[in-house]
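Enquirer: In numbering that gives the first Met the number 0, the protein residues as written are 0 to 149.
Note that CB positions come from ideal geometry on N, CA and C, so glycine has one too.
Values in this document were obtained by computation on a predicted structure and should not be read as measured data.
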Amino acid sequence: MKRRNAVRLTLRTIEKAAAKPTSYFIWDLDQPGFGLRIEPTGAKSFYIHYRLGGRGFPSKKMKLGDVRSMSVSQARSEAAEKLVLARKGEDPAAERVAAKNCLFVHELIDLYGSEGLVRLKGRRKGEDCPPSAPLRQIEALHEQRMAGSS
Numbered sequence: 000m001k002r003r004n005a006v007r008l009t010l011r012t013i014e015k016a017a018a019k020p021t022s023y024f025i026w027d028l029d030q031p032g033f034g035l036r037i038e039p040t041g042a043k044s045f046y047i048h049y050r051l052g053g054r055g056f057p058s059k060k061m062k063l064g065d066v067r068s069m070s071v072s073q074a075r076s077e078a079a080e081k082l083v084l085a086r087k088g089e090d091p092a093a094e095r096v097a098a099k100n101c102l103f104v105h106e107l108i109d110l111y112g113s114e115g116l117v118r119l120k121g122r123r124k125g126e127d128c129p130p131s132a133p134l135r136q137i138e139a140l141h142e143q144r145m146a147g148s149s
């Protein structure tokens, strides 16, 4: 099936794409599922469009990056990699979703305190916690600890 607004995405095509009152996509002829989204503000970003499991399943879109941060060829190759994952049944956006849902240290401390667990006294209560620690993700701390133990 051929898309109505499919063209060869090139630097020239991207530069010519003008903003409209609503956001819209321009899809690439060379790489099915790869396209450019143009916002009413004029912002342009590369996207992929995929379905996990085939036609009967809902479609998803994933932002690859801004036009200013990556070239067309970089975006096209990244799109090809992500679309291969989708064809294998793996969600290319799963890593981003997992990172988004990951608890931070300060959230874990709040959860620990609110669940009515044993409260620590003195230095261990939290006032001596280094300023950078509350912003670190639990997953990153776990990976760091695992790398240090081997």
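Please work out which residues of its chain come closer than 7 Å, Cβ to Cβ, to ALA74, disregarding the five sequence neighbours upstream and downstream, and give them in chain order.
Expert: PHE45, LEU63, GLY64
Enquirer: Specify the secondary structure class of CYS128 as computed by DSSP and reduced to three states.
Expert: With a pLDDT of 47 at CYS128, under the threshold of 50, the modelled position of this residue cannot be trusted; read the value that follows with caution. Reduced to three states, the DSSP call for CYS128 is coil.
Enquirer: To the nearest angstrom, report how far apart LEU28 and ASP90 are at their CA atoms.
Expert: 23 Å
Enquirer: List the endpoints of the continuous alpha helix (DSSP H) containing ARG54.
Expert: Careful: ARG54 lies outside any alpha helix (DSSP H) and carries neither H nor E.
Enquirer: Where does ALA5 sit, in a helix, a strand or coil, going by DSSP?
Expert: strand
Enquirer: Are THR9 and VAL71 touching if we call contact CB-CB under 8 Å?
Expert: Yes, the pair counts as a contact, with Cβ atoms nearer than the cut-off.
Enquirer: In this structure, how does DSSP classify GLY115 when only helix, strand and coil are distinguished?
Expert: Because the pLDDT of GLY115 is 48, which lies under 50, any placement of that residue in the model is unreliable, and the question is left without a value.
Enquirer: Please return the same chain residues whose Cβ sits closer than 6 Å to the Cβ of GLU38, not counting the five positions on each side in sequence.
Expert: SER22
Enquirer: Within the same chain, show all residues whose beta-carbon is closer than 8 Å to that of ARG7, passing over the 5 residues directly before and after it, in chain order.
Expert: ASP27, LEU28, ASP29
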